[in-house]
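Input: a single structure, listed below in structure tokens.
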Amino acid sequence: MTFCCAVGVASAGNALTPADSDQEWTLSSDGERVAVPFPALRIPPPRDPRQAAAGRLFFSQDSNANGLYELDPQTGQATHLGQSGVTSLTVGLCPSDDPNVLYGSKWSTLLHIKADGSGFTDRGGVGTEGLAFDGETLYGAINGQFFTMDRNTGARLATLAAPGGDAEGLAYCPRGHVIYGLLTGGSLRKYDIATNTWSTVGSTGVSVDNHGLAYDAGAHVLYAKSQNDVNLYRVDPDDASTEVIGSTGITGGGGLAFVGGGATCVYTLKKSKSKRGCDTCPQVGSDFRTETACEDVQDCDKRLKTTIACPEGQGVCKLKGKRSSCG
Numbered sequence: 055m056t057f058c059c060a061v062g063v064a065s066a067g068n069a070l071t072p073a074d075s076d077q078e079w080t081l082s083s084d085g086e087r088v089a090v091p092f093p094a095l096r097i098p099p100p101r102d103p104r105q106a107a108a109g110r111l112f113f114s115q116d117s118n119a120n121g122l123y124e125l126d127p128q129t130g131q132a133t134h135l136g137q138s139g140v141t142s143l144t145v146g147l148c149p150s151d152d153p154n155v156l157y158g159s160k161w162s163t164l165l166h167i168k169a170d171g172s173g174f175t176d177r178g179g180v181g182t183e184g185l186a187f188d189g190e191t192l193y194g195a196i197n198g199q200f201f202t203m204d205r206n207t208g209a210r211l212a213t214l215a216a217p218g219g220d221a222e223g224l225a226y227c228p229r230g231h232v233i234y235g236l237l238t239g240g241s242l243r244k245y246d247i248a249t250n251t252w253s254t255v256g257s258t259g260v261s262v263d264n265h266g267l268a269y270d271a272g273a274h275v276l277y278a279k280s281q282n283d284v285n286l287y288r289v290d291p292d293d294a295s296t297e298v299i300g301s302t303g304i305t306g307g308g309g310l311a312f313v314g315g316g317a318t319c320v321y322t323l324k325k326s327k328s329k330r331g332c333d334t335c336p337q338v339g340s341d342f343r344t345e346t347a348c349e350d351v352q353d354c355d356k357r358l359k360t361t362i363a364c365p366e367g368q369g370v371c372k373l374k375g376k377r378s379s380c381g
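Have a look at this one:
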């Protein structure tokens, strides 16, 4: 990009910000103009996982259409809410962009489940065991396969790198823009959205099957519930170390979803660049909500630079934005 007719002079180390660009520049000691890198998103320090959570932990029990529960993240105690629409084993559950609606699987089709337990809508589509949502893209997993999905129809869109096992539990983590996958048997894997690659975090040491996985951004912990026992587990996403929180009193497996209760950082997009054939990237000028918790807009980094999977189809979107609000 070429800039013309800049007004003013900057000494070495002072920032130059051309009016028609969101890129900041500085002068090196020899007078050369150098781009100032965009800072990484600042992540608030995690809450002690034994303190009360700001959000809510939901569980959809396998083979129970009336089996939507809320679990206490500190004790495991379950409170029955109502309908989930689930009619089979190995189902998934995750947040949506509406705090009053959960994405779930039946397993054979995609469900939109009302978080108060008052009902659900069957959206059709393909079968899934694990579900995760990053704020833009819905991900699904079944029988060792991993893919993106249309969140309204349940149709499979893009096939992604395989997790190396049956990832029946999925959970999105905004710290690093990754998805965690808990494999049958207890191995915890991590998927990098930007590079379409999986890596191993470690072993939980707990045998799991027909299980759900959820991520609590405020405490930086994962929660897991399996058909193998009635316990709710807390899993460290950095090393896979695992501890029992307490009994849910619920037999059987199912899906887990943690829905955050706090405000998050919102950015106005200044650049949105399609890569590898994506034609549904967010529009320039639109708001892009992250999952970075905040209490005030000053808690948010001034600039956003990130890569997301294509919301509907193959490819990725490279985004840059400026801080706009905390809400």
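Just so we're on the same page, this note's numbering is the position in the sequence shown counted from 1, plus 54. Glycine is no exception: its CB is placed at the ideal position from the N, C-alpha and C atoms.
For residue i, three-class secondary structure by DSSP
i           : result
residue 351 : helix
residue 356 : coil
residue 247 : coil
residue 146 : coil
residue 124 : strand
residue 196 : strand
residue 190 : coil
residue 265 : coil
residue 140 : coil
residue 285 : strand
residue 170 : coil
residue 363 : strand
residue 211 : strand
residue 225 : strand
residue 338 : coil
residue 161 : coil
residue 278 : strand
Rounded distance between the beta-carbons of residue j and residue i, thought under 8 Å
i           : j           : result
residue 266 : residue 310 : 3 Å
residue 284 : residue 302 : 5 Å
residue 212 : residue 195 : Their Cβ separation, rounded to whole angstroms, is 13 Å, which puts residue 212 and residue 195 out of contact at 8 Å.
residue 137 : residue 174 : 6 Å
residue 307 : residue 116 : 5 Å
residue 339 : residue 322 : 7 Å
residue 133 : residue 228 : Rounded, the Cβ-Cβ distance is 27 Å, inconsistent with contact.
residue 188 : residue 366 : No, residue 188 and residue 366 are not in contact; Cβ-Cβ is about 13 Å, not under 8 Å.
Cα-Cα separation between residue i and residue j, rounded to whole angstroms
i           : j           : result
residue 374 : residue 225 : 24 Å
residue 362 : residue 153 : 21 Å
residue 157 : residue 344 : 18 Å
residue 298 : residue 144 : 21 Å
residue 277 : residue 209 : 27 Å
residue 149 : residue 313 : 6 Å
residue 147 : residue 249 : 25 Å
residue 262 : residue 242 : 11 Å
residue 281 : residue 292 : 24 Å
residue 181 : residue 193 : 12 Å
residue 184 : residue 294 : 18 Å
residue 244 : residue 237 : 11 Å
residue 240 : residue 217 : 13 Å
residue 325 : residue 279 : 40 Å
residue 327 : residue 371 : 6 Å
residue 354 : residue 320 : 8 Å
residue 274 : residue 290 : 8 Å
residue 341 : residue 256 : 36 Å
residue 259 : residue 219 : 16 Å
residue 287 : residue 269 : 12 Å
residue 376 : residue 364 : 21 Å
residue 111 : residue 272 : 13 Å
residue 380 : residue 337 : 20 Å
Residue i at chain C interface by Cβ criterion, 7 Å
i           : result
residue 117 : Annotation note: the requested chain C is absent from the structure, which comprises a single protein chain.
Own chain partners of residue i with C-beta closer than 6 Å, once the 5 adjacent residues on each side are dropped
i           : result
residue 246 : 232
residue 109 : 312, 313, 314, 315
residue 129 : 300
Proximal residues to residue i (C-beta, below 7 Å), its chain only, five neighbours per side dropped
i           : result
residue 360 : 231, 373
residue 163 : 176, 177, 178, 179, 208
residue 186 : 148, 193, 224, 225, 226, 233
residue 63  : Any reading at residue 63 needs caution, since the residue's pLDDT is 34, under 50, leaving its predicted position unreliable; the model's value is listed next. Excluding positions up to five away in sequence, the list is empty.
residue 206 : 177
residue 254 : 241, 243
residue 251 : 215
residue 96  : Summary for residue 96: the model assigns pLDDT 45, below 50, so the residue's position carries little reliability; its value from the coordinates is reported in the next sentence. Counting only Cβ-Cβ distances below 7 Å, and skipping sequence neighbours, we find 355.
residue 264 : 116, 143, 144, 222, 280, 281, 307
8 Å Cβ shell around residue i - same chain, five flanking residues per side excluded
i           : result
residue 368 : 211, 212, 330, 331, 332
Using a Cβ distance threshold of 8 Å, determine whether the region 122 to 132 contacts the region 197 to 211, with at least three qualifying pairs required. no
Would you say the region 155 to 170 touches the region 124 to 144, given that touching needs at least three Cβ pairs under 8 Å? yes
So, does the region 170 to 188 touch the region 325 to 341, judging by three or more C-beta pairs under 8 Å? no
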